[in-house]
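K.L.:
Numbers in the numbering used here are just positions in the sequence shown, counted from 1, shifted up by 123. Ideal Cβ positions, reconstructed from N, Cα and C, are used throughout, including at glycine.
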Amino acid sequence: MIDWTPYLESISDSEKYAQWETFYTLTDVEGKTRPAKTAPLLRDLWVQTIEKEPQNRQERPEKTERFTVLEGLRKYAANHVHVLLKGRPGSGKSTALARLLLEESVAVQSLRLNQQNQAKIIQIPILIELRLYETSILDLILQFLKRHKLIIDSNTLESWLLENQNFRPLLLFDGINELPSEAARQNLKNFRQQYAEISMIFTTRDLGSDDLDIEKKLEMLPLSEAQMRDFVKVYLPEKGEEMLKQLGNRLKEFGQTPLLLWMLCSVFDNNQNKIPANLGLVFQIFTGIYDKKLKADVPTYQESRDWWRELLQVLAWKMTQGESKTEIQVAISRTEAEEELSKFIKNKGFPEYYSKQWLKDLLKYHLIHLEGNDKIAFRHQLIQEYYTAEELKKKLPHLRDEQLQWDYLNYLKWTEPMALLLGLLDNETQAKRVVKLGLEIDLKLGARLAGEVNFKFQKQTVGLVLGLDVPKRFKVELLGLTKSNQVVNELSQALKDSDWGVRWNAAEALGNIGSEAAIPGLLKALEHSDDDVRMRAALALSKIGSETAIAELLKALKDSDWYVRSHAALALGKIGSETAITGLLKALKDSNSIVRMYAAKALGKIGTETAIQELLKALEDSDDWSVRRNAAFALAEIGTETAIPELLKALEDSNKDVRIKAAEALGKIGSETAIAGLLKALEDSYSYVRWKAAEALGNIGSETAIPELLKALEHSDDDDRWNAAEALGKIGSETAIAELLKALEHSDEDVRGNAALALGNIGSETAITGLLKALEESNKDVRWKAAFALGKIGSETAIAGLLKALKDSDSLVRMYAAEALGKIGSETAIPGLLKALEYSNKDVRRKAAEALGKIGSEAAMTELIKCLKNPDFVTLNNGDTLSQAREALDIIQNKLKYYHPLPESISYSTQSPTSETSSITYDLRGATIGNLAHNVQGSQQNYPQQPNNNNPEKK
């Protein structure tokens, strides 16, 4: 038996983890005390679940849930679920894992591991930093254990991972996107499959990373405006108000992650109280201040400090180049770093042996550090990307157009350095050149880059996007991607367009840009005759999040259209001001259930003590049962356990609707203290209450509910059997498989269908034979649910049956068969999926395109690009099919890490790289939308006419 005590003590005593709250200081300089100003403590970072949208009207929408980051991670890890935490660089993902590692280690030690606690299941947290990968995941775990005073061999580790009886692993994998190769990613996938029963948490960056097909995903939420303001005022008590005043509506642009906000505060404090114009300049000034402060008083070898910036650029360039065109390295060996610096030093006329000492100086005093196994890494990947951008800026004038396109712009790992570079460029010709070439590689890439350039050039670069000859709806989408204030007027005008699709996209784009300059146009749009435009305007205002919109949104809570009222409530919740509480409490009594739901959700997001007390009072309202019902729903959204006693009383309310909402609320809160009451509610006289009680038990996920739910599979009421099957699937215990396989042959089609869904949720391959049989049965609903379940299980043994189901007479069966093939991810499905792109049903085509994106091979990319070159294809369904195919292509680009397959032959031009007329002998348009000719010289083209279909797909 492994003695975990030394390991746990080492974690608990480690300053690295004990000081997690000062993580964003980035470095501790040798010989200097910790900086006087460290980042204010941000314990309340939030995450939300990433749920798939319903694919048809029969499918129930999945509710988005919000938690504090540790609460969310613990919730799923406790149920042995693999969970993926996604977030922007600097959003706090690594810090969250460090906190979890420390807190869980301390908690385990507090149990005083001894003979009396052997029956208790204890989780042992282990952090696996994927950027340090060399040989295998097992070796990474062994190295981490060794660094923390536990030395075991690989056989002992494997035995523990497989058996893990009393001491179970909690594996914290940090940085999927930082794995150095495809082989490393495959090793991680294999490890995850081999140890599927172990609780695992993974983190990854948003861009270009593989999600390992992990179904449960959490997303780091950006800091709220209130959090940002509090952070600034704590960090800069005397200057904070002035900084906030200068930033205005740019606070959200710069400050959505703790790291960037801390850097911005540091820059303001040391830059004569001035805010830089863009993110690239924030990094430039931040690193410049860092250099200047250290140069004055630290001893270095042979004046190495004079070359620090260049040395860091050399290292960043080496690491970003990686070992292949698609891979990036975020850590390299000390030997590699010394060799790279030797080349630079020799070129500058210094002795090569300086490299060892100069590297030591950098490690002591600057923004790199030494990690496990003698690896050199930057303190944060964002810092590496900045220094890469500086090096790229020096090389840019010497790169021919073809090199810039095919060696850099085409590969996703260069996108972030390229964006930072554009903010640093003071040369308009070079900035336009990069954007123009980016548009030729991929329209979405080029549009994003157009908004990254120095603001004084954005009118010209945005003009390149305005000059594209593409469908107007797509152009509006591209303008939104620029996130430039230069397009606000254009998009505000598009809110009045005769085409409803253009109006919708314009409102969404304005919300994504997030500029307060868009607010006047959006406030006018709240009064538009088209209720969908009013709804999207409310949604856009919620994204901007300015309190200046609250008054109009409160008016919109009284709009004649329930869709508008509901989204006004949603917007008020996202803005999060307590001034909206009174209006939202009134909206809890709205005649429309969706409005009431969003009002409850909004109150939950605001989440103040004021709302809780009022809602608890409302739960006891004796006059109006609808008030009690909506109060229960609102308390569920807030998710406070203090409401459980009142909600358990409400489970016995005389009104069935109140009982329903109470059951829903208890399931949402998810506490096991509610199980007894919910089991009792399984016998309620009203079937809908019994359904919600079963659903709540499934959400809580405790195996203690399984015996009663298995009994309910034999209930005389069809709905009860249906609900029991669904709840068992949510709990996901293999002990229920035998009974569910019997239910798969039940005489009632609903029971059969939901038994199939439950088996899919459990995910055991032992169910495949029964599900393949169900895939051929007479009832279409059972067939599509079987297809869906096979996709959840994800075994290649189901491919033949699913390819056959792609030709099913029912479109829903074909749609879920396509989705399942995408989840399985085998290239053998590509021909069948390409054929499905030609089907008449748009949902089937959409799922086929998404599946090709999931498969993500270059063959799938090539075939999708062929479709995008077909003018008939891109104009299908007013461009909706184009949009879905484009999304599939985006997924493949992210996976392959380049935008376009390399041409078979490239004829490099000999003209100057800055020439506007450089000849390019290959056609790049296929990477975007094909033979729709586009002009990227900045001249405005006439839009193709879009038919006005009077909102045929409204709501």
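Grouping DSSP H, G and I as helix and E and B as strand, with all else coil, what is Ile729?
P.N.:
The answer is helix: DSSP assigns Ile729 an H, G or I state.
K.L.:
Can you give me the start and stop residues for the beta strand (DSSP E) that Gly210 sits inside?
P.N.:
Element bounds for Gly210: His205 to Gly210.
K.L.:
Note down, in chain order, each residue of its chain lying with its Cβ closer than 8 Å to the Cβ of Ile735, except the 5 sequence neighbours on either side.
P.N.:
Leu758, Ile761, Thr763, Thr765 and Ala766
K.L.:
Indicate whether Leu898 and Ala890 have their beta-carbon atoms separated by less than 8 Å.
P.N.:
no
K.L.:
List, from N- to C-terminal side, the alpha helix (DSSP H) runs of 4 residues or more that fit wholly inside the segment 405-452.
P.N.:
431-444
K.L.:
Among all the DSSP beta bridges, which residues are the ones paired with Gln246?
P.N.:
Arg291
K.L.:
Going straight from the alpha carbon of Leu676 to that of Lys397, what length do you get?
P.N.:
34 Å
K.L.:
Comparing C-alpha positions only, which one of Ile667, Lys970 and Glu513 sits nearest to Glu639?
P.N.:
Ile667
K.L.:
Skipping 5 residues on each side, what residues in its chain have a beta carbon closer than 6 Å to that of Gly331?
P.N.:
The pLDDT assigned to Gly331 is 49, lower than 50, so where the model puts this residue is not dependable, and the model offers no usable value.
K.L.:
With burial defined as no fewer than 16 other Cβ atoms inside 10 Å of the residue's Cβ, what is the status of Ser465: buried or exposed?
P.N.:
buried
K.L.:
Should Leu250 and Leu193 be called a contact, given that it needs their Cβ atoms to be closer than 8 Å?
P.N.:
Not a contact, by the Cβ cut-off of 8 Å.
K.L.:
How would you label Glu862, buried or exposed, when you count the other beta carbons within 10 angstroms and need 16 or more for buried?
P.N.:
The Cβ neighbour count for Glu862, taken over all protein chains shown within 10 Å, is at least 16; the residue is labelled buried.
K.L.:
Output the distance between the C-alpha atoms of Ser1030 and Asp530, rounded to the nearest integer angstrom.
P.N.:
Interpretation of Ser1030 is limited by its pLDDT of 49, a score under 50 that renders its predicted location unreliable; no figure is taken from the coordinates.
K.L.:
Using the Cα positions of Asp776 and Lys728, report the straight-line distance between them to the nearest angstrom.
P.N.:
27 Å
K.L.:
Return the residue from the list Ser669, Lys712 and Ser856 that minimises the CA-CA distance to Ile698.
P.N.:
Among Ser669, Lys712 and Ser856, the Cα nearest to that of Ile698 belongs to Ser669.
K.L.:
Express the C-alpha separation of Lys516 and Arg596 in angstroms, rounding to a whole number.
P.N.:
34 Å
K.L.:
List in chain order: all unbroken alpha helix (DSSP H) runs of 4+ residues lying wholly within the segment 300-353.
P.N.:
You should have 305-317.
K.L.:
When you compare the CB positions of Pro212 and Arg308, do they come within less than 8 Å of one another, or not?
P.N.:
no
K.L.:
Is it buried or exposed, Asn300, if we count other Cβ atoms within 10 angstroms and call 16 or more buried?
P.N.:
Buried, by the Cβ-count rule.
K.L.:
Can you tell me which of the three DSSP states Ala755 falls into?
P.N.:
helix
K.L.:
What does the Cβ neighbour count give for Asp655, buried or exposed, with the cut at 16 atoms within 10 Å?
P.N.:
buried
K.L.:
Does the separation of the CB atoms of Arg189 and Trp169 fall below 8 Å?
P.N.:
In this structure, Trp169 lies closer than 8 Å to Arg189 by Cβ.
K.L.:
When the Cα atoms are used, what is the spatial distance from Ala879 to Lys865?
P.N.:
11 Å
K.L.:
Which residues bound the alpha helix (DSSP H) around Ala500?
P.N.:
Per DSSP, Ala500 belongs to no alpha helix (DSSP H); it is in the beta strand (DSSP E), Lys498 to Phe501.
K.L.:
Output the distance between the C-alpha atoms of Asp904 and Asp966, rounded to the nearest integer angstrom.
P.N.:
16 Å
K.L.:
Work out the CA separation of Tyr424 and Pro303 for me, nearest whole Å.
P.N.:
33 Å
K.L.:
In whole angstroms, what separates the C-alpha of Val812 from that of Val718?
P.N.:
22 Å
K.L.:
Please report how far the alpha carbon of Gly979 lies from the alpha carbon of Thr449, in whole angstroms.
P.N.:
14 Å
K.L.:
Three or more C-beta pairs under 8 Å: does that hold for the segment 974-994 against the segment 576-583?
P.N.:
no
K.L.:
In angstroms, rounded to a whole number, what distance separates the CA positions of Arg752 and Lys724?
P.N.:
14 Å
K.L.:
In the DSSP assignment, find the alpha helix (DSSP H) that holds Arg523 and state where it starts and stops.
P.N.:
Arg523 -> no alpha helix (DSSP H), and no H or E assigned at all.
K.L.:
Note down the Cα distance separating Ser887 from Ile916, rounded to an integer number of angstroms.
P.N.:
7 Å
K.L.:
Suppose the cutoff is 7 Å on Cβ atoms and the five residues either side in sequence are ignored; what does the same chain contact list for Ser228 look like?
P.N.:
Counting only residues of its own chain and dropping the five nearest sequence neighbours on each side, Ser228 has a CB closer than 7 Å to the CB of Leu131, Ile134, Ser135 and Pro248.
K.L.:
Leaving out five residues before and five after Leu851 in sequence, what residues of the same chain have Cβ atoms less than 6 Å from its Cβ?
P.N.:
Leu832, Ala859 and Ala881
K.L.:
How long is the line joining the alpha carbons of Leu975 and Asn289, rounded to whole angstroms?
P.N.:
43 Å
K.L.:
Using only the heavy atoms of the ligand GDP, determine whether one of them is closer than 7 Å to the beta carbon of Ala542.
P.N.:
No copy of the ligand GDP occurs in the structure displayed, which carries no ligand at all.
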